Amino acid sequence: MRSSATLPFTLFTLILIPILPHAQGHSLLSPFPSALETLQKQLGYNFKTISLLRRAMTHASFSEENNKALSILGAAVIETSASFHLISKDIDISAKELNRRLSQVSNVESSCAVDGVHLGLHKVVRVSPKTNSSAPAVVCGAFRAIFGAIAIDTGKSDDAGNVFWTIHGVGDVGVAAAL
Ligand SMILES: *[C@@H]1O[C@H](CO)[C@@H](O)[C@H](O)[C@H]1NC(C)=O
């Protein structure tokens, strides 16, 4: 008597277990959470606290819970990591040259927004209807905020810096030899 009642349940469970994770990973997710999943794969980094990435992808025009502060931290993470690698590579680098390289790495138009668009952040970042999500300042803010968010998530700025170099590429600032 017992087996006739539990068998359908067992079959149901056996069928459902392999299906559920896939269903959650795709069709059941709304576009924003799904975009965050994709973004994590692109970054090669999985957040312990996904709300940090959600906040990083939220412009100030959209919500009070936005990426402004994370973006400031992210810019500092990028500069610190770049300074570290440039000076490790050449201890005699001049202040002028160091500043020149740093401004290249953090330039909004030519570096930061370009990296952000490569990741498709203009399609992910949440903005108010009046705000252009492709504006370099918006894309750049979201891009920098990713590294602020990773630093908070890991409790270390080094990890965030390393993710930055894998995204940005090391060639154009000449830090490859130091990595
Ligand atoms: C949004 O910004 C991008 C990048 O600056 C620009 O190319 C585009 O024309 C803008 N779109 C609108 C609707 O203003």
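Going letter by letter, the sequence shown gives residues -25 to -1, 1 to 154 in mature numbering (1 follows the signal peptide of the UniProt record, and there is no 0). Each residue gets a CB set at the ideal place from its N, CA and C atoms; glycine is no exception. On a predicted model such as this, the values are computed, not experimentally measured, just so you know.
May I ask you to check if the CB of S85 is nearer than 6 Å to at least one heavy atom of ligand 1? no
Is the beta carbon of A110 sitting closer than 7 Å to the one on L45? no
May I have the straight-line CA-CA distance separating E40 from L27, to the nearest angstrom? 10 Å
With respect to 6 Å, is the separation between the Cβ of S109 and the closest non-hydrogen atom of ligand 1 below this value? yes
How would you label A(-3), buried or exposed, when you count the other beta carbons within 10 angstroms and need 16 or more for buried? Any reading at A(-3) must be qualified, since the residue scores a pLDDT of 44, below 50, and its modelled position is unreliable; the value itself is stated next. Exposed, since its Cβ has fewer than 16 Cβ neighbours within 10 Å.
Assuming contact is defined by CB atoms lying nearer than 7 Å, are H34 and V102 in contact in what I supplied? yes
Between which residues of its own chain and I(-7) is the CB-CB distance below 6 Å, once the five residues before and five after are set aside? The predicted model places I(-7) with a pLDDT of 46, which falls under 50 and marks its position as unreliable, so this point remains unresolved.
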